[in-house]
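*Asks:*
In the working numbering, the protein residues as written are 104 to 202.
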């Protein structure tokens with residue numbers, strides 16, 4: 104009986120550790136997406152404050168404001184709506200295809 108309880112305790116502990124690691128990984132990915140999104144937004148606002156207009160695309164931020172984004176890992180939606188309208192920015196993680 105004691106052996107069974109010990110085995111169940113160890114099994115429960117291992118399951119909790121695995122679930123904790125998975126949760127931490129998901130949280131880290133979400134924070135990375137938020138960080139990239141916030142960086143693009145901050146650089147867009149910086150451009151607006153300096154030049155009086157929002158940049159028309161991501162390439163402008165890369166060329167003139169030093170934006171570095173790993174495009175192998177992220178899809179970036181940057182929708183320019185006008186010189187004085189804040190752009191819509193969405194960052195998505197790319198799915199890895201191992202075919």
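Just so you know, even glycine gets a beta-carbon here, dropped at the ideal spot from N, CA and C.
(1) Using the Cα positions of residue 161 and residue 183, report the straight-line distance between them to the nearest angstrom.
(2) How long is the line joining the alpha carbons of residue 189 and residue 157, rounded to whole angstroms?
(3) Pick out the complete alpha helix (DSSP H) segments inside the stretch 160 to 186, 4 residues or longer, and give them in chain order.
(4) Following the continuous beta strand (DSSP E) through residue 195, name the residue where it begins and the one where it ends.
(5) Sorted by chain position, which residues of the same chain lie with C-beta nearer than 8 angstroms to residue 143's C-beta, five sequence neighbours on each side aside?
*Replies:* Answer, in terms of the structure:
(1) Answer to the nearest angstrom: the Cα atoms are 10 angstroms apart.
(2) Approximately 7 angstroms between the Cα atoms of the pair.
(3) List check, alpha helix (DSSP H) in window: 161 to 168.
(4) DSSP places residue 195 inside the beta strand (DSSP E), whose first and last residues are 191 to 196.
(5) Sequence-distant partners of residue 143 (beyond 5 residues in either direction) whose C-beta falls short of 8 angstroms from its own C-beta, in its chain, are 161, 164, 170, 172, 179, 181, 192, 194.
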